[in-house]
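Have a look at the structure below before the remarks.
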Amino acid sequence: MWNSEVEKDKMVPTALKKRGGTMILTRIPKFISDHLRAVKDNFKFGYYRVFCWLLIAQSIYPGKQNLAELSRWTPPWILYKSMVRLLQSDQWDFLAVFRWEWQQIYTILPAPSDGVFFLTVDKTTVEKTGKKGPVSGKTKDSEQGEWKYGFQVVVLMANWGNYRFPIDFRIVRKKSDPEYKKPNALFCEMLEHFCPPLWARKVIVLGDSGFASKKNMQAIISRRNYYFVFSLARTWKFDKADPRCAHYPYVKDFVNQVGLYRCKKMWFKGYDNRRRSYWIYSERVELNAVGRVTMVISKKRHNTKPEKAKILVSNIPGIEARDLVYLYTRRWFIECLFHELKSACGLGQQQVTKTPERVQRAVAMTMMAYLFLLRFEWARIPKDKHWSISSLKYFFTCRLLQAQCDERKVLRSKKKAA
Numbered sequence: 000m001w002n003s004e005v006e007k008d009k010m011v012p013t014a015l016k017k018r019g020g021t022m023i024l025t026r027i028p029k030f031i032s033d034h035l036r037a038v039k040d041n042f043k044f045g046y047y048r049v050f051c052w053l054l055i056a057q058s059i060y061p062g063k064q065n066l067a068e069l070s071r072w073t074p075p076w077i078l079y080k081s082m083v084r085l086l087q088s089d090q091w092d093f094l095a096v097f098r099w100e101w102q103q104i105y106t107i108l109p110a111p112s113d114g115v116f117f118l119t120v121d122k123t124t125v126e127k128t129g130k131k132g133p134v135s136g137k138t139k140d141s142e143q144g145e146w147k148y149g150f151q152v153v154v155l156m157a158n159w160g161n162y163r164f165p166i167d168f169r170i171v172r173k174k175s176d177p178e179y180k181k182p183n184a185l186f187c188e189m190l191e192h193f194c195p196p197l198w199a200r201k202v203i204v205l206g207d208s209g210f211a212s213k214k215n216m217q218a219i220i221s222r223r224n225y226y227f228v229f230s231l232a233r234t235w236k237f238d239k240a241d242p243r244c245a246h247y248p249y250v251k252d253f254v255n256q257v258g259l260y261r262c263k264k265m266w267f268k269g270y271d272n273r274r275r276s277y278w279i280y281s282e283r284v285e286l287n288a289v290g291r292v293t294m295v296i297s298k299k300r301h302n303t304k305p306e307k308a309k310i311l312v313s314n315i316p317g318i319e320a321r322d323l324v325y326l327y328t329r330r331w332f333i334e335c336l337f338h339e340l341k342s343a344c345g346l347g348q349q350q351v352t353k354t355p356e357r358v359q360r361a362v363a364m365t366m367m368a369y370l371f372l373l374r375f376e377w378a379r380i381p382k383d384k385h386w387s388i389s390s391l392k393y394f395f396t397c398r399l400l401q402a403q404c405d406e407r408k409v410l411r412s413k414k415k416a417a
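The opening position of the sequence shown corresponds to residue 0 in numbering that gives the first Met the number 0, with each subsequent residue numbered one higher.
This is the structure:
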């Protein structure tokens, strides 16, 4: 979000600012209509045109993206009520459109040379102030986190190189709802429907300790060429076949014993080419119901207490401790994604109530706006530097303005010729 209205105005070209409640942009540019024509059959009763304009408005508007404000950035014939009906109606297959969007990204973005595809899972809380939300309630991201009022979204993010984008999501419903499922169950459901790109020779799943459950690890191990890198909870136990089980039944006992004096310093260059130093200890262990994995105890400083050390596990064969810590640091990409979805794409800012399906459509529109911007401005993403969807948003707005000016010149030349 912008800190002031002055900064907000600087991000929007003057020719696209609203005049009298509407924008000068009065028609969908040809490059957008050609791109979205493939999903036109998924809509009924004229919802396709409303969908196109709502997607464009979410992709260029820099402020709080509620439907009342977005309707002022569309032509006069696209009403606020039309946008509300779009999110309320079940006469369009929003999941098929969302799935088609991220599959297009697969074919456009250049593939990495090593063929490694990173799949990151995490959940975020979308804070809400209204009390009428069908999925809103009092919740918190972790046991030590603060209580918040809103709803939780479990997101599955694709990542390779310096690219990141969402490919699936699930909304965590209230516990009183008969269709309530835990976040780990939702992750297993998304993993079953996940389809990697054709160039992916290895899929590595990244996640924190909240998703490091036995069922999740077993579901990943059961699939060919799938591996995991998780942060492990201290309540785990060693397998009975492991010799440490007789002395250290729980992982936390082993960490408290060796994490105080056996850690050695190492460093590596992260994804942003910055040097990072950690104190680590690595060993192959047998975990209960999972099998043989590589466990790494990682600390940022030598004098950090063992109780605050990070425990990382992976089933990648022959992986070194340095590489394991580096792979886990890539999980930070999903935190950047959450920030961009909430600030630049308006996650949870639409006014939808009464049914969970309406909230799900609003969240899907936010994800599609992110993919929409990435589809047309991916070439501006640097290979080894940090980037933000807000910068791509500005360049996309300029592209819209240029496309409309070019189309107007063509129409004027045709009229003069006639």
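Positions of the beta carbon are idealized from the N, C-alpha and C atoms, including for glycine.
Values in this document were obtained by computation on a predicted structure and should not be read as measured data.
Our two residues, residue 99 and residue 302, have alpha carbons roughly 50 Å apart in a direct line. Residue 377 has its alpha-carbon roughly 15 Å from the corresponding atom of residue 111. With a contact defined as Cβ atoms closer than 8 Å, residue 122 and residue 153 qualify at about 5 Å. Contact between the segment 39 to 51 and the segment 83 to 92 is established, with three or more Cβ pairs separated by less than 8 Å.
When the beta-carbon positions are compared, residue 149 and residue 171 stay at least 8 Å from each other.
Residue 41 and residue 372 have their alpha carbons spaced roughly 21 Å apart. The residues 264, 266, in chain order, have a CB closer than 7 Å to that of residue 276 in the same chain once the five nearest residues on each side in sequence are set aside. Residue 273 is positioned such that its CB atom lies no closer than 8 Å to that of residue 119. Note that the C-beta distance between residue 286 and residue 238 is below 8 Å. Contact between residue 97 and residue 363 holds: their C-beta atoms lie close to 5 Å from each other, under 8 Å.
In the DSSP assignment, residue 158 falls within the unbroken beta strand (DSSP E) covering 147 to 159. When DSSP reads this structure, residue 107 sits in no beta bridge, so it has no partner. Residue 165 has 156 as its beta-bridge partners, per DSSP. Every unbroken stretch of the beta strand (DSSP E) spanning 3 or more residues and falling wholly within the segment 168 to 217 is given here in chain order: 201 to 206.
For the pair residue 51 and residue 58, the Cα-to-Cα distance works out to about 11 Å.
Secondary structure of residue 273 (DSSP, three-state): coil. Less than 8 Å separates the beta-carbon of residue 279 from that of residue 320. Residue 357 counts as buried, since no fewer than 16 other beta carbons sit within 10 angstroms of its beta carbon. Three or more pairs of CB atoms, one per stretch, sit closer than 8 Å, so the segment 281 to 295 contacts the segment 308 to 317. For residue 115 against residue 201, the beta-carbon gap comes to about 5 Å, under 8 Å, which counts as contact. Rounded to whole angstroms, the gap between the alpha carbons of residue 234 and residue 299 is 22 Å.
In the three-state reduction of the DSSP assignment, residue 126 falls in the strand class, which pools E and B.
Proximity to residue 156 across 182, 177, 117 peaks at 117, based on C-alpha coordinates. Boundaries of the beta strand (DSSP E) harbouring residue 297: 290 to 298, taken from the DSSP string. Annotation: the continuous beta strand (DSSP E) that includes residue 266 extends over 263 to 268.
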